[in-house]
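**Student:** Numbered according to the working numbering, the sequence shown terminates at residue 693, and the numbering increases by one at each position without gaps.
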Amino acid sequence: MSKIPYNDLRQVHLDFHTPGFVKVGGKFDAKEMFDTLEASEVNGVCFFATCHHGYSYFNTRTGLRHPGLDFDMFGQAAAEAASRPVDFIAYFSLNVNEVVADRHPEWVALFEDGRPVDSQILQDGSELYWRWLCPNRGPFLEEFFWPHVEECLRGYPVDGVFIDMAGYLPASCFCPECLRQMRELGIDPSDETAHSMFNSETMQKFAVELRRRMQAIRPGMRLELGCYNAFGQVQKARGVLSDFYVESLAFQAGWFNCPVMSRYVSHAGLPVVGYTGRFLKNWGDFGTVVSAQQMKTQLGIQLTSGIACGVGDHMHSDGRLEPAVYEVIREGFQFSKVRQPYCTGIERLREVALCVPAGVESNTAVAGKNTTALDVWDTLYGAAKLCMESHFQWDVIDPAMDLDGLDCVIQCHARVDAEWFEKISAFVENGGALLLDAAGLLAAGPLAARWLEFLGLDTAAWSEHPGSYYRVLDASLEAGVPPMANYAHAPSVAARTGPDAQELARTWYPPCVRSREAFYGHFHGCESEEAGPAVCEVARGRGRIIVCTQAIFTAWLQTGYHAHRTLLTNVLRRLMPEPIVITDAPGIFEITVGKMDGAYVLQALPFVADRRHRFSFESVNEAVPIGPTRLAVRLPATCLRVWNPVTGETLAHEYLEGRVTFTLPAISEHAVVVMEI
Ligand SMILES: [Zn+2]
């Protein structure tokens, strides 16, 4: 059970993966550690019971205590935490356990060609060497994992359990037992979506059984479980997990992962805790600590996402916390602490929702891996980036979730079944707007033709050109877009509009598809062949649909060509002429609005990442003031007062025709404004 209300939670996740050849814990002092944590405003800590190397840090009969540790480090920490206002969560590594994999190579998960799963490539190309076990393979859970966790929970006063590596790497597992179970269920193991749903179901069974065993020992403990559910499975966590955690170290997952995943998983109705990191790169990047400005930005993203705050650390093998790291964490958590009452757990407003397909793996190990020309994550992140930069209030949903109160849906996929078709057509008929790019046009299966007709297209097929041009035809999309043929570096669909659709922009192709046999200068050649629509609109009932035939969200994410953002912003404004927020803020100034305790709260996050070389990482090292900013926010009732609860300052405002208007002074970090009605 949590001692701390979620909305006030500031957790530290203390990684401690330590190989057997290293001495452990020589400088460990539980009292000193918790003094440091509490001085840094930490009120939740995840502490290592058992690590990826497979060693335990408590006195265990069921596992193997770390050979370089000669006392009960976990036990001392648990005893100290019990007397303090700090949640103490026991960490267990599930599918990665080198000790178990050494003893039982026959329990290791397999790739399709029979190789053991022992390699994970990170974004920067570095490789993790852990072997991944498969809980379907052999009596791993019964013989080791269940007794091990139960021994720890019975022996120590812990408030919860954190299970890491509860999942599978992409393209696994093809072990005989997984194959047998899939055969029995009629699942084709080579069908990526079906396979990932099967993996998700395996972990669901694990989670349900773990919760059952935890309840039998001490009811109501916290349970956090990573790599848990694919998109479309998030509701299954209810009654099993206590809270979701969104692990999103920017280096591994990018800056959009936290806002996207927080919005999505919060639909399960459980609290959500963010995990960013103190590291420059990824977990275990010893010798690095982000700047205080970057830490505040990372925590600011958790606040604007409306979730509880968390930071990942990795303890030195000698068992001490690095004081310089806790200086930065303290500055970050002091910053969070005064803002959390207005931000964490907020009910975000939404006018547009990005719809993700069910069955796609949602964990950070695969997010954005970009293995195919049109990865769903690229479309999703491109659309999220656009909504943030254009200051629309956005949400992330899967096809089973409700569309209540939305003005627009951006569909990031082309998986159209009868249920979704019916739901989205009813939404549009009743006045909603639907926006899709190339990624959403070519549905597979029996509804393909009806889907095209619904979108206002006569014919559509992937173009052989790897990129194509658009030239704007309609005045409503012209503003700010260079009046020329603009190239989108992404695949496109060659389409013809149906009789009831209106063409708003036209596609142009270069004279050839570049090859060694036929090439035109350095790149794709200039626009020379006029083709079908690049953007077209069709009315359906009281609503309308806009189709972009190019993979324009992906192009925007991957190239940052300003014309794409301007075009798409013009498209969204055409679909949503009265957005919740109207502002002169630049795109790097994120704005979210939500409801908290009867008031409306606006959060602003100026976010300037420094990246002056293409192979450099986007770091945030300086406070850059942006503003003053004019804001006009739609409110349902007269606004009585506008104030900043952190500074106490009241801002002059006007309320006219359903909008409150005020000026936010220049800011260089996350700011909160309360609008009382
Ligand atoms: Zn398996």
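We treat Cβ as the ideally placed atom computed from N, Cα and C, and that holds for glycine.
Quick caveat: nothing in here was measured; it's all calculated off a predicted structure.
Taking DSSP's pairing of strands, which residues face Met-612 in a bridge?
**Tutor:** The count along the sequence shown starts at 1 and reaches residue 612 at position 596. Note: Met-612 sits in a beta bridge opposite Ala-615.
**Student:** Give me whichever residues DSSP pairs with Thr-475 in a beta bridge.
**Tutor:** Counted from its first residue, the sequence shown places residue 475 at position 459. Looking at the DSSP assignment, Thr-475 forms a beta bridge with Arg-512.
**Student:** Checking 9 Å against the spacing of the C-beta atoms, do Arg-336 and Gly-421 come in under that value?
**Tutor:** What you label residue 336 is simply residue 320 of the sequence shown in a count that begins at 1. What you label residue 421 is simply residue 405 of the sequence shown in a count that begins at 1. No, the Cβ-Cβ distance between Arg-336 and Gly-421 is not below 9 Å.
**Student:** Evaluate contact between the segment 392-405 and the segment 297-314, counting only Cβ atoms and requiring at least three cross-stretch pairs below 8 Å.
**Tutor:** no
**Student:** Does the structure place the segment 343-350 close enough to the segment 53-65 that three or more beta carbon pairs sit under 8 Å?
**Tutor:** The segment 53-65 makes contact with the segment 343-350: 3 or more CB pairs, one atom from each, lie closer than 8 Å.
**Student:** Could you tell me which residues DSSP pairs with Ile-137 in its beta bridges?
**Tutor:** Here residue 137 refers to the residue found at position 121 of the sequence shown. Bridge pairing for Ile-137: Glu-143 [DSSP].
**Student:** Any heavy atom of ligand 1 within a distance shorter than 8 Å of the CB on Leu-493?
**Tutor:** Along the sequence shown, one-based indexing puts residue 493 at 477. No - ligand 1 has no heavy atom lying nearer than 8 Å to the Cβ of Leu-493.
**Student:** What residue from Leu-265, Gln-268, Arg-238, Phe-267 has the CA that sits closest to Arg-254's CA?
**Tutor:** Position 238 of the sequence shown, counted from the first residue, corresponds to residue 254. The shortest C-alpha separation from Arg-254 is found at Arg-238.
**Student:** Alpha carbon to alpha carbon, how far is Ser-188 from Asp-207? Give it in angstroms, no decimals.
**Tutor:** Start at 1 with the first residue of the sequence shown, and residue 207 comes out as number 191. Start at 1 with the first residue of the sequence shown, and residue 188 comes out as number 172. Roughly 12 Å between the two C-alpha positions.
**Student:** Which residues in the same chain have their Cβ closer than 6 Å to the Cβ of Ser-479, if we skip the five residues on either side of it in sequence?
**Tutor:** The residue you call residue 479 lines up with position 463 of the sequence shown. Cβ within range, chain order: Ser-508, Ala-510.
**Student:** Give the straight-line distance between the Cα atoms of Leu-520 and Val-281, rounded to the nearest whole angstrom.
**Tutor:** Here residue 520 corresponds to residue number 504 of the sequence shown, with the count starting at 1. Here residue 281 corresponds to residue number 265 of the sequence shown, with the count starting at 1. Approximately 36 Å, taken between the alpha carbons.
**Student:** Alpha carbons only, please: which of Arg-294, Asp-31, Gly-322 is nearest the one belonging to Glu-363?
**Tutor:** What you label residue 363 is simply residue 347 of the sequence shown in a count that begins at 1. It is Gly-322.
**Student:** Phe-108 and Phe-63: beta carbons closer than 9 Å?
**Tutor:** Start at 1 with the first residue of the sequence shown, and residue 108 comes out as number 92. Start at 1 with the first residue of the sequence shown, and residue 63 comes out as number 47. No, these two residues do not count as a Cβ contact at 9 Å.
**Student:** Going along the chain, which residues of its own chain have a beta-carbon closer than 6 Å to the beta-carbon of Asp-31, five neighbours each way excluded?
**Tutor:** As a working mapping, residue 31 is identified with position 15 in the sequence shown. The answer, listed in chain order, is Trp-299, His-330.
**Student:** Would you report the Cα separation of Leu-584 and Gln-566, rounded to the nearest angstrom?
**Tutor:** For this step, residue 584 is matched to residue 568 along the sequence shown. For this step, residue 566 is matched to residue 550 along the sequence shown. Cα to Cα, Leu-584 sits roughly 12 Å from Gln-566.
**Student:** What's the C-alpha gap between Gly-384 and Thr-570?
**Tutor:** By one-based count along the sequence shown, residue 384 stands at place 368. By one-based count along the sequence shown, residue 570 stands at place 554. Below a pLDDT of 50, predicted positions are generally treated as unreliable, and Gly-384, at 47, falls in that range; no measurement from the model is reported.
**Student:** If you drop the 5 nearest sequence neighbours on each side, which residues of the same chain put their C-beta closer than 8 Å to that of Ala-455?
**Tutor:** Position 439 of the sequence shown, counted from the first residue, corresponds to residue 455. Counting only Cβ-Cβ distances below 8 Å, and skipping sequence neighbours, we find Leu-390, Val-392, Thr-395, Cys-428, His-429, Ala-430, Ala-567, Phe-569, Thr-570.
**Student:** Answer with buried or exposed for Ser-333, where buried requires no fewer than 16 other C-beta atoms within 10 angstroms of its C-beta.
**Tutor:** Walking along the sequence shown from the start, residue 333 turns up at place 317. By the neighbour-count rule (16 or more Cβ atoms within 10 Å), Ser-333 is buried.
**Student:** Considering only heavy atoms of ligand 1, does any lie closer than 8 Å to the CB of Leu-651?
**Tutor:** For this step, residue 651 is matched to residue 635 along the sequence shown. No, ligand 1 has no heavy atom inside 8 Å of this Cβ.
**Student:** Would you say Leu-265 and Gly-293 are within 9 Å of each other, going by their C-beta atoms?
**Tutor:** Translated into positions along the sequence shown, residue 265 becomes position 249. Translated into positions along the sequence shown, residue 293 becomes position 277. Taking 9 Å as the Cβ cut-off, Leu-265 and Gly-293 qualify as a contacting pair.
**Student:** For Arg-147, does the count of other Cβ atoms within 10 angstroms reach 16, so buried, or fall short, so exposed?
**Tutor:** Within the sequence shown, the letter at position 131 stands for residue 147. With 16 or more Cβ atoms within 10 Å of its Cβ, Arg-147 is classed as buried.
**Student:** Compare the C-alpha of Met-277 against each of Leu-169, Leu-680, Ala-246, Lys-297 and name the closest.
**Tutor:** The residue labelled residue 277 in the question sits at position 261 within the sequence shown. Measuring from the Cα of Met-277, the nearest candidate turns out to be Ala-246.
**Student:** What three-state label does DSSP hand Cys-67 in the structure shown?
**Tutor:** Here the question's residue 67 lines up with position 51 in the sequence shown. Coil, per DSSP.
**Student:** Using DSSP with H/G/I as helix, E/B as strand and the rest coil, what is Ser-635?
**Tutor:** Stepping through the sequence shown from its first residue, residue 635 is reached at position 619. Note: Ser-635 maps to strand in three-state DSSP.
**Student:** Compute the distance between the beta-carbons of Glu-217 and Arg-153, then report whether it is under 9 Å.
**Tutor:** In the sequence shown, residue 217 corresponds to position 201, counting from 1. In the sequence shown, residue 153 corresponds to position 137, counting from 1. Cβ distance not < 9 Å, so Glu-217 and Arg-153 don't count as in contact.
**Student:** Considering only the alpha carbon of each residue, which of Arg-131, Gln-27, Phe-272, Leu-144 lies closest to Leu-573?
**Tutor:** Reading the sequence shown from its first residue, position 557 is the one you call residue 573. When only C-alpha atoms are compared, the closest one is Phe-272.
**Student:** Name the residue from Ala-399, Tyr-397, Leu-296 whose alpha carbon lies nearest to the alpha carbon of Val-341.
**Tutor:** Translated into positions along the sequence shown, residue 341 becomes position 325. For Val-341, the nearest C-alpha among the options comes from Leu-296.
**Student:** Could you name the residues of the same chain whose beta carbon sits closer than 8 Å to that of Leu-80, not counting the 5 residues immediately before and after it, in chain order?
**Tutor:** The residue given as residue 80 occupies position 64 in the sequence shown. Excluding sequence positions up to five before and after Leu-80, its CB lies within less than 8 Å of the CB of Gly-70, Tyr-71, Ser-72, Val-115, all in the same chain and listed in chain order.
**Student:** So for Gln-27, helix, strand or coil by DSSP?
**Tutor:** In the sequence shown, the residue the question calls residue 27 occupies position 11. In this structure, Gln-27 counts as strand in the three-state DSSP scheme.
**Student:** Determine contact between the segment 489-497 and the segment 460-472, defined as no fewer than three beta-carbon pairs at a distance below 8 Å.
**Tutor:** The segment 489-497, when compared against the segment 460-472, does not touch it at the 8 Å Cβ threshold.
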